[in-house]
Structures are given as C-alpha cells and as structure tokens.
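**Q** Sharing a structure below in structure tokens format, with a few things to ask.
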Amino acid sequence: MSQEPVLFPKDFKWCVATSAHQIEGYNTQSDWWDWEQIPGKIKNGDKSGAACDHWNRLAEDIDLLKNLNIKQYRFSIEWAKIEPNQDVWDSEAIAHYKKELQILSQAQIEPIITLHHFTLPSWFKKQGGWEWSEAPVEFLKYVQFVYKALGAPGQIWITFNEPMVHLVGGYIAGATPPGEKREISGIIRPLKGLLQSHALAYHELHRLADLVKRQIKVGFAHHLRIFDPNHSWNLLDTWAANTLDQAFNWSFIEAIETGVLKLNIPFMFSVEEKIEKLQATQDFMGVNYYTRDKVKFRFDNKQWFELVTEKNAPKTDMGWKIYPKGFYRILKKIWEKFPSKSILITENGLADAQDNQREKFIKDHLTALHQAIQEGVRVENYCYWSFLDNFEWIDGFAPRFGLFEVDYTTQTRTLRQSGKVFSQIARDNGWRR
Ligand code: FCB
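The opening residue of the sequence shown carries number 1073 in the working numbering; numbering runs sequentially from there.
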C-alpha cells in the first residue's frame, strides 16, 4: 500500500454542519413542528420534540466541537424562534444566538451562519410562504434584524439551504411543508419568491457589513447530485438524465449568476424571466453532495422519468448510493461552468448507525475532493454532515449521520470511531493512505 499522504492546502478549513430544527429542540412556532403533529408525515411517528436538546447544551456541545479540531462550524439561526409572530422579536432567542457566537469565538471556531434551513415561522407559512407577495420583504426584515441584533458577526453567510430540495419537497412531492402536490410548473411561483428574497437579503447583508467595514461572503448551500442515464446507450434515458440535471442542479444556480430564471422541460413547460437585482448574488458556491441517481425515461406526459435503484451498489442506511467519484465530477463541472467561483463544501456525509462505512466514506470523498483541488478546482473547506446524530426530517430519528452518537433518552454524546479519525484528519490536514 502506498504511503503517499493526502494533504490539503495550508489554508484549507475543516468543518462540521448542523441545522437548528434538527438539533436544538422545541421549535414550536414553525411549520415543521406543525407538520410533525400530522399523523403519517414522519417515519415511525417521530416528532422533533427536544431533538438533541442542543438549545440547553450549547457550551458542552461546543466543547465537543473543539475535540474535532475543526476551524469552522456551520449552523443555522431559527427564524421561527427569533420572530415567533410577525414583527415580534424574541430577545431571549437573540441572546441565545449571541451567546453561541461568543462561545464559538472563544473556541476559535469560525461560524458559517445559515439563515434559512428548511423551516419557516408558522405565521409566515400561513400567509402563503414563498408565494406570498410580501415574502421577500418579510425575509429581508428578519435578515436585517438578525445581522444588527447579533452585532454584525461572521464572515460567511448562507441565505438558503438547498432551495431546490426545499421547494421540490414542499410543492411537487408534497412530502414536506406546505405539502402541496403539484405538476412541475407549480414550483415557479415559490421559486421566484425565494429568489427575490435571496436577492434582497444578499444586497442588504453587504450593505450592513459595509457600514461597519466588514468583509463578508454571502451564498447558498446547493444540493447537487449526479443524474446518470440508466443505460448510457439509451438516448431517451440520456435525455431524461440531462434534462433533470439541468432543471434540478443548474437552473437555480444559473439564475443567480445571470439574473434570469430559465427552466425548460421540453414538451411540458418553459419559463424565462428576469428577476430584479438577482444577477451575481453569490460570492461562493456552497455544495452539499450526497449521492447519484440513475434515470430511466418513461412514456408518460406527467412523469417522464423514473429514478432507478442500482442493485449491488454500496448504500447508506437510507439507501443512498455511495458514489465518491460523483463528488469529483460535480466539483469539476462547477469549475468548468464558473471558473472564478470558489467553492465551500457545506455538507457531505452519510447515515451509518453501525459506523462501519463512515471512515471509508469520508476518506473516499476527501480523496475525490483532493484530486479536484490538485487539478485546480478552488475548494476552501469541507463540512461533514453532521456533528451529532439528529432529527432527519421526514425520516425521523432513525438515520444516524453524526460523528457523535446521541442517546436520545439520556442525551449522552459518544464520539464514534470514525469521529476520532475525522478529528485526526482535521488535526493533520490530511492523512497517510
Ligand atoms: C441535506 C439537508 C440536511 C440533512 C442532510 C442529510 O439535504 O440539508 O438538513 O437532512 O441532507
């Protein structure tokens, strides 16, 4: 076996990621909390409840973060806690996040702050969520309030986590709030609302940071996945895979780069619309990479594709195919499309309760990432998802993504073997093969 080390650039940053609703507990004023109360929506009837009780365990949990030798921590601020009713700002919630930022700063861990990670305040959802004409202005008010009240913290801001996953889940699949099952074209209205909200937030964050002479970077965490044809010789499968790739992976990103939303599903619908102030509103490309799908064409005008399960392929506990090469392919593609953009890896990880695949998963994905860097792709960091086991949305508590295992009855955290390996990699900025 070769002893050649896999070493990352000197200024490369190691990171882990979480989101508020998944770990903090009692997010009672949110649309997700409401959703969880409806029987049948979440696997095994799980409800987020106290989650990892992170709200009450800030200092202890940040101590655990220190053990991981990370330089950055990506987490989200919960809008539903900050603004539980329209224009009502909760001072206790703000004080809490202030404290979190303070403890992180003492620990010399840089925050990557996500402003929206899937959840909405219930009042905002009731008004129509992203389809509400006031949505962009209301989101802007929240962003302004947070930035000022927290005292202009942090350099890296993420407005939205996985906007396409959020909207496809909520408006097409109907599996997540607001639970609408529409044809693909039904995504356009909320998509526009969300893009407008981002555009306003992007400019406002920069304006506020400029006022206090701070340099910040604002962007998204995009969920990017590989779509390959079920049979590469089949032209229809290839067409279906490419169409899905363009619609799901790139249409949103290109809208932000060009300011024009173009979504084209041949024979079904097509939209091309300029969005005010949207052009060039991401300072980095945030990448969440997990898996690949194989796509088969279907002769059906409503659903022209089918996602095919790959037999005999290694999979995570959630059945997601493990495909590290896809990470390399995605990174290279971003680089080819947007050569000047620097990339943040905002999420990558797997559900593995037995912890017998995680170390290999991490090393294989890091090797793919390393290769991309060697070939010139500019990647600044790597955030493993997740720091702790947590509430995995519609899949409830069963999936175990954490470097730390959580016993939900006692709230005990135990560092997994793979977590130890990750912390060594972070300490050594790589490893020997
Ligand atoms: C991503 C989400 C994150 C978590 C992981 C497993 O799509 O951003 O909250 O659920 O998947």
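For glycine and all other residues, C-beta sits at the position ideal for the given N, C-alpha and C.
All of these numbers come straight from a predicted model, not from anything done at the bench.
#1: To the nearest angstrom, report how far apart Asp1500 and Gly1398 are at their CA atoms.
#2: Let me know if Met1340 comes out buried or exposed under the rule of 16 or more other beta-carbons within 10 Å of its beta-carbon.
#3: Can the beta-carbon of Trp1407 be found closer than 9 Å to that of Ala1312?
#4: Work out the CA separation of Asp1135 and Gly1201 for me, nearest whole Å.
#5: Could you pull the DSSP bridge partners for Phe1147 from this structure?
#6: Below 9 Å between beta carbons: does that hold for Lys1085 and Glu1329?
#7: Between the Cα of Leu1422 and the Cα atoms of Glu1378, Phe1459, Asp1317, Glu1255, which residue gives the shortest distance?
#8: So Tyr1456 and Phe1410 are supposed to be a Cβ contact under 8 Å. How far apart are they, rounded?
#9: Where do the ends of the alpha helix (DSSP H) carrying Pro1208 lie?
#10: So, is Lys1111 buried or exposed, given that buried needs 16 or more other C-beta atoms within 10 angstroms?
#11: Do you know how far the Cα of Asp1461 is from the Cα of Asn1384?
#12: List the whole-angstrom C-beta distance separating Glu1172 from Leu1212, where the pair is believed to meet the contact cut-off of C-beta under 8 Å.
#13: Is His1294 a contact residue of the ligand FCB, with contact defined as CB to any heavy atom under 8 Å?
#14: Go ahead and label Val1160 buried or exposed: buried means 16 or more other beta carbons lie within 10 angstroms of its beta carbon, across all protein chains shown.
#15: Which stretch, first to last residue, makes up the beta strand (DSSP E) that contains Val1343?
#16: Could you tell me whether any non-hydrogen atom of the ligand FCB is closer than 8 Å to the CB of Val1478?
#17: Please report the Cβ distance between Lys1115 and Gly1391, rounded to the nearest whole angstrom; I am assuming they are in contact, meaning their Cβ atoms lie under 8 Å.
#18: Quick one: Cα of Lys1374 to Cα of Trp1107, how far?
#19: Looking at the ligand FCB, does it come within less than 8 Å of Phe1190, judged from the CB to the closest heavy atom?
#20: Is Gln1094 a contact residue of the ligand FCB, with contact defined as CB to any heavy atom under 8 Å?
#21: If we count the other Cβ atoms within 10 Å of its Cβ and call it buried at 16 or more, is Trp1305 buried or exposed?
#22: Just mark Asn1321 as buried or exposed, buried being the case when its beta carbon has 16 or more other beta carbons within 10 Å.
#23: If you draw a straight line from the alpha carbon of Arg1485 to that of Arg1472, how long is it in whole angstroms?
#24: Within 9 Å of any Cβ in chain C, is that where the Cβ of Ala1092 sits?
#25: Could you tell me the distance, in whole angstroms, from the CA atom of Thr1248 to the CA atom of His1238?
#26: Using C-beta distances below 6 Å, list every residue in its chain close to Tyr1400, excluding the 5 sequence neighbours before and after it, in chain order.
#27: Taking 8 Å as the cut-off, is the CB of Trp1457 close to at least one heavy atom of the ligand FCB?
#28: DSSP has Ala1173 in a bridge; who is on the other side?
#29: Please work out which residues of its chain come closer than 6 Å, Cβ to Cβ, to Phe1521, disregarding the five sequence neighbours upstream and downstream, and give them in chain order.
#30: Start and end of the beta strand (DSSP E) containing Phe1292?
#31: Considering only the alpha carbon of each residue, which of Gly1331, His1303, Ile1497, Ser1412 lies closest to Met1357?
#32: Please list the terminal residues of the continuous alpha helix (DSSP H) segment that includes Lys1138.
#33: I'd like to confirm the pairing. Which residues does DSSP put opposite Cys1455 in its beta bridges?
**A** Let me spell this out:
#1: 25 Å
#2: exposed
#3: no
#4: 37 Å
#5: Ile1185
#6: no
#7: Phe1459
#8: Rounded, the Cβ-Cβ distance is 24 Å, inconsistent with contact.
#9: 1207-1221
#10: One point to set straight first is that residue 1111 is Pro, not Lys, in the sequence displayed. Pro1111 is exposed by the Cβ-count criterion.
#11: 27 Å
#12: That belief does not hold up - the Cβ atoms of Glu1172 and Leu1212 are roughly 23 Å apart, past 8 Å.
#13: no
#14: exposed
#15: 1341-1346
#16: no
#17: Contact doesn't hold; Cβ gap of about 13 Å is too wide.
#18: 27 Å
#19: yes
#20: yes
#21: exposed
#22: buried
#23: 13 Å
#24: Chain labels in this structure do not include chain C; a single protein chain is all it has.
#25: 8 Å
#26: Ala1440, Gln1443, Ala1444
#27: yes
#28: Note that residue 1173 is Leu in the sequence shown, not Ala. BP columns for Leu1173 are empty, so no partner.
#29: In the structure as shown, the chain starts at 1073 and stops at 1505, and residue 1521 therefore has no counterpart that could be examined.
#30: 1289-1301
#31: Ser1412
#32: 1130-1139
#33: Cys1087
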